[in-house]
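Right under this line is the structure:
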């Protein structure tokens with residue numbers, strides 16, 4: 001928008017890209033758009049090119065920018081929640097989240113192959129920013145013995161207790177999934193040191209899954225969700241509405257005021273934490 | 001149950017199987033259980049082995065058997081919907097369905113690679129029994145140009161129209177996803193003949209995805225859903241209830257009377273048919 | 001070449017396509033090039049665009065066309081063997097073959113999940129034209145109980161014998177991999193009828209893997225092989241040579257006269273047939 | 001062997017495990033076997049159980065143990081090279097290596113999705129102990145802009161030069177694959193600091209792929225190779241031979257004296273380094 005680099009798209013323009021990870025737009029965080037001058041330039045370019053609305057795929061930062069832009073120029077904006085972290089209020093699923101869960105679970109399946117080979121304890125750190133969605137769901141999905149998420153302060157003693165119980169119950173190896181934003185007070189490497197000190201019988205390994213979680217061919221769920229949200233975003237604009245985020249709530253596509261989406265806090269499913277405690281005995 | 005072949009299981013018995021497709025139980029359709037004598041034998045064996053409830057993973061057939069068994073012997077039964085076809089009333093997702101969607105979409109992605117190489121029209125038949133869930137969702141997910149499901153009588157003329165429009169819009173190749181139970185009046189091979197007769201410019205290929213759709217390592221969604229439904233099934237029995245199916249309704253685990261699950265009919269999402277019409281232009 | 005549709009390519013032109021299946025060239029069998037007029041037009045266009053050599057990725061048909069073209073116009077041509085069928089003389093591996101093997105093995109793994117669930121016999125037909133390379137290697141890789149390839153006339157009696165032995169040895173289900181070009185005298189569906197007639201205890205299913213075998217993201221082996229063959233093709237042309245195919249022979253990139261590549265016949269590894277007989281007991 | 005924990009295996013004992021990663025044997029490095037007392041116990045147990053030969057799947061450590069054991073007790077031993085690192089003399093491919101290459105390439109494909117989205121430089125560290133096999137092959141396979149292996153001392157200046165050229169040639173993002181044993185004098189994190197200091201325009205990220213490289217369902221190549229090596233190992237023992245490693249040399253299964261396998265050094269393909277320099281411009 002700031003560089004005036006536009007391209008008209010038709011139905012065929014997205015031909016054969018539904019199976020690709022990443023973005024074909026190559027847009028990224030823009031410092032210039034954070035300045036009034038940047039936004040002025042963007043608005044002039046939009047008007048000059050007869051563009052009359054913005055659909056913003058992103059998270060809180062992008063949505064906040066959209067709200068400011070709308071406030072200044074009355075330019076219609078609709079948000080689509082796109083992040084693997086699932087940490088956006090107003091939708092049960094963000095675009096990319098389901099794909100990331102499958103990527104994480106496949107990676108942990110591979111690590112477990114080596115864990116059961118070699119009698120080890122693995123600390124696996126997954127993404128999620130300040131939210132435990134990925135850790136909790138992928139942890140259950142991967143059959144982790146323990147899941148550490150920022151929403152639950154487990155405490156180091158309880159971790160040791162749990163690992164001891166797991167060992168006693170006959171497990172020869174264990175997987176602990178740790179959310180990157182975990183507030184347990186120690187990071188994965190410090191945790192490793194702590195456990196090795198207290199349970200010297202364990203050979204602890206750390207694996208940080210890293211950026212591969214952000215790519216990959218999208219899952220069917222994400223592709224269908226993207227289609228549903230995209231249709232709703234355009235139809236909402238055609239109805240003359242602005243400043244909404246389209247999202248999935250209880251399996252239905254719903255609108256949430258963009259302001260609420262930005263201010264609200266997505267919650268991990270407390271019931272799922274309970275399920276996780278039961279199945280990871 | 002009929003052969004008296006039981007095995008006590010603890011928390012460790014399912015260690016390291018969460019990532020496996022298929023069943024470790026190796027149970028299958030039993031003709032003997034359909035007879036009063038067979039069920040009598042099953043009941044005696046259950047009682048003899050101090051088993052006091054049944055959790056049945058399956059579809060309408062298994063649930064009907066469970067209801068009859070409960071009626072005859074007052075034996076507590078809970079059903080868990082397990083089929084890739086997603087054709088069970090009382091749950092938005094059956095176990096295995098999400099995995100099958102990803103398998104189908106990956107297979108069609110591969111076929112599309114060759115379609116764009118060689119200017120072809122592909123008719124791809126997917127599973128789903130009498131329901132179009134897999135075809136509709138995987139069709140959208142795979143970017144199919146046309147989706148034929150039993151719930152919608154498209155008519156052959158509209159199919160030709162749609163293919164002509166797709167060709168005119170610049171697509172050099174097309175994917176048509178067909179549900180196996182499609183009631184369009186012709187099967188995939190007959191459709192091929194019909195289209196080739198009327199659009200000789202197309203080189204039509206047929207691919208029946210077949211049994212690979214029923215296997216494979218489960219998706220994270222299916223693993224988490226299985227954990228949630230399993231916990232609920234056991235807790236429902238512990239509460240003294242019987243004759244319910246546990247299922248997912250609007251993202252929550254809910255109970256549906258087993259009788260309703262058997263009699264009801266799962267519906268494809270009409271809104272999704274509309275989305276599919278829009279995105280597959 | 002015939003349409004004069006050229007595009008200059010540099011080192012960056014193939015940026016980020018190494019992971020894609022299919023072809024970005026979208027070239028295909030050309031009837032016009034089979035005529036002297038077509039080739040004349042092609043030659044004129046090549047000369048007009050200052051192109052001084054051809055690298056042909058394909059199989060026998062494309063190479064034959066290249067030889068005729070070279071014969072008529074003394075235009076330098078080098079062939080690169082590209083087909084999933086691995087049926088080209090002068091190379092142990094064609095481009096795409098290793099990827100197809102992995103695709104087939106993954107598909108059969110999924111089918112086996114359902115086979116062990118349900119006590120079945122599966123006939124799985126794989127590609128390979130008149131050669132058994134895919135069937136033999138993927139059959140061993142997938143742990144098939146029996147592999148039927150055109151290079152070996154097994155005879156129907158031996159098939160039944162083998163299935164009976166497999167059953168007697170305790171296998172509850174069996175996978176039979178059949179090459180599409182199998183000369184056993186019956187196709188997969190006729191074989192099914194024959195076996196069911198003679199071994200009614202089996203529930204036989206047929207799966208034709210089909211076109212998905214031709215697509216998908218290439219394996220590391222295929223990507224490295226493509227890089228090696230591409231470099232050698234260009235360097236061979238720079239040395240002033242023509243009418244060679246570059247191929248892999250005993251792990252080294254070697255040149256084979258294109259005429260020999262066309263006339264020769266690739267052989268399945270007889271030793272591998274022996275290994276297959278041993279491991280598939 | 002030391003614990004006397006044996007299990008007789010027949011043809012059916014490995015039923016349905018060909019698709020699994022990891023080991024079902026759960027054997028691992030044994031300190032006791034490194035002592036004369038441990039080996040004495042092992043020999044007594046073997047004799048007591050009528051076992052008359054050992055097939056050792058492993059690397060230099062396991063083979064050295066086997067040689068000492070044979071020296072002390074004249075007990076027949078045959079080695080099968082099993083490690084993802086491909087660093088064993090006497091075979092072009094070790095078991096697990098091809099699978100690891102595909103795992104690494106798939107992971108880097110995912111990371112590249114995010115790299116092209118966000119204009120970044122990625123340093124990706126892969127396994128390989130002191131050998132660059134994985135880094136070199138997976139680096140070419142993943143289209144890496146630069147590959148750092150212990151066999152080639154690139155020097156930091158040349159790395160910066162190369163990155164600058166890559167940037168100048170129009171690449172918006174770059175992948176650098178680093179072997180874990182790289183002798184460039186800095187590890188991945190130190191390299192990151194160095195590059196960011198000298199090329200502040202880059203946002204450098206580090207990803208250590210880690211233990212997931214050691215697991216996962218084996219590729220078709222690895223499954224076929226395992227079948228071939230296994231058959232040869234047993235047949236070699238039946239011929240009364242001992243102290244050999246079976247391996248793949250120029251596409252044929254060959255014997256190498258176990259002592260040479262232990263003392264020799266596997267070499268990366270120098271020609272491949274040249275290819276990598278050409279294709280990664």
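Chains as they are written, first to last, in full-length UniProt numbering: chain U, 1 to 281; chain Z, 1 to 281; chain B, 1 to 281; chain D, 1 to 281. Using N, Cα and C, we set each Cβ at its ideal position, and we do this for glycine too. Please read all numbers here as calculations on a predicted model, not as lab measurements.
(message) What are the residues in the stretch 87-104 of chain U lying within 8 Å of chain D by C-beta distance?
(response) 103
(request) Would you verify that the beta carbon of residue 83 (chain B) is, or is not, closer than 9 Å to some beta carbon of chain Z? (result) no
(request) Pick helix, strand or coil for residue 254 (chain B), following the three-state DSSP scheme. (result) strand
(request) On a CA-only basis, which of U:204, U:211, U:206, U:205 is nearest residue 207 (chain D)? Give me that one, please. (result) U:211
(request) Answer with yes or no whether the minimum CB distance from residue 111 (chain D) to chain U is below 9 Å. (result) yes
(message) Using 9 Å as the threshold, is the C-beta distance between residue 225 (chain D) and residue 85 (chain D) below it?
(response) no
(message) Output needed in chain order: residues of the stretch 201-230 of chain U with a Cβ under 7 Å from some Cβ in chain D.
(response) 205, 207, 208, 210, 211, 212, 214, 215, 216
(message) Which complete beta strand (DSSP E) runs does the stretch 71-106 of chain D hold, if anything under 3 residues is left out?
(response) 77-81
(request) Starting from residue 250 (chain U), find everything on chain Z with Cβ-Cβ shorter than 7 Å and list it in chain order. (result) 250, 251
(request) Find the residues of chain U that neighbour residue 171 (chain Z), judging by a C-beta separation of less than 9 Å, and give them in chain order. (result) 12, 15
(request) Please list, in chain order, all residues of the same chain as residue 194 (chain Z) whose beta carbon is under 7 Å from its beta carbon, the five residues on each side excluded. (result) 156, 186
(request) Please list, in chain order, all residues of the same chain as residue 4 (chain D) whose beta carbon is under 7 Å from its beta carbon, the five residues on each side excluded. (result) 45
(message) For residue 113 (chain Z) and residue 21 (chain B), I'd like the C-alpha separation in whole angstroms.
(response) 6 Å
(message) Just to check my reading of the structure: residue 213 (chain Z) and residue 103 (chain Z) have Cβ atoms closer than 8 Å, yes? What is that Cβ distance to the nearest angstrom?
(response) 6 Å
(request) Using a Cβ cut-off of 9 Å (strictly closer), state whether residue 283 (chain B) contacts chain Z. (result) Chain B is shown from 1 up to 281; residue 283 (chain B) falls before or after that span and cannot be answered.
(request) Could you check if residue 47 (chain B) is buried or exposed, using at least 16 other CB atoms within 10 Å of its CB as the buried criterion? (result) exposed
(request) Look at the Cβ atom of residue 93 (chain B), then the Cβ atom of residue 248 (chain B), and state whether they are nearer than 9 Å. (result) yes
(request) Work out the CA separation of residue 166 (chain B) and residue 137 (chain B) for me, nearest whole Å. (result) 20 Å
(request) Would you be able to state if there are at least three C-beta pairs under 8 Å between the stretch 23-32 of chain U and the stretch 67-80 of chain U? (result) no
(request) Report yes or no: is there a C-beta of chain D within less than 9 Å of the C-beta of residue 271 (chain B)? (result) yes
(request) Check distances from the C-beta atoms of the stretch 134-154 of chain Z to those of chain U and list, in chain order, the residues that come in under 8 Å. (result) 137, 138, 140, 141, 142, 143
(message) Checking the sheet assignment: what are the DSSP bridge partners for residue 146 (chain B)?
(response) B:176
(request) Can you pull the chain B residues whose beta carbon is under 7 Å from the beta carbon of residue 24 (chain D), in chain order? (result) None at all; the shortest Cβ gap to chain B is about 14 Å.
(message) I'd like to know if residue 7 (chain D) contacts chain U, where contact means its C-beta is closer than 9 Å to some C-beta of that chain.
(response) no
(request) Could you tell me the boundaries of the beta strand (DSSP E) in which residue 244 (chain B) lies? (result) 244-249
(request) Output the boundary residues of the alpha helix (DSSP H) element that contains residue 189 (chain B). (result) 188-198
(message) Tell me the residue span of the alpha helix (DSSP H) that contains residue 234 (chain D).
(response) 220-238
(request) Give a yes or no on contact between the stretch 139-148 of chain U and the stretch 216-224 of chain Z, applying the rule of three or more CB pairs nearer than 8 Å. (result) yes
(message) With DSSP as the reference, identify every bridge partner of residue 352 (chain B), one or two as the case may be.
(response) Absent from the model: residue 352 (chain B). The displayed extent of chain B is 1 to 281, so no value can be given.
(message) Just verifying my parser: in three-state terms, what is the DSSP assignment at residue 44 (chain Z)?
(response) helix
(message) So if DSSP puts residue 69 (chain Z) in a beta bridge, which residue, or which two residues, is it bridged to?
(response) Beta-bridge pairing links residue 69 (chain Z) to no other residue.
(request) Mark residue 14 (chain U) as exposed unless 16 or more other C-beta atoms lie within 10 angstroms of its C-beta, in which case mark it buried. (result) exposed
(message) One question on the structure: do residue 56 (chain Z) and residue 79 (chain Z) come within less than 9 Å of each other, judged by their Cβ atoms?
(response) yes
(message) Measuring alpha carbon to alpha carbon, tell me which residue in Z:8, Z:130, Z:173 is nearest residue 146 (chain Z).
(response) Z:173
(request) Establish whether the CB of residue 162 (chain B) and some CB of chain D are separated by less than 9 Å. (result) no
(message) Run through chain B and tell me which residues come within less than 9 Å of residue 176 (chain D), C-beta to C-beta.
(response) Chain B residues near residue 176 (chain D): none, gap ~16 Å exceeds 9 Å.
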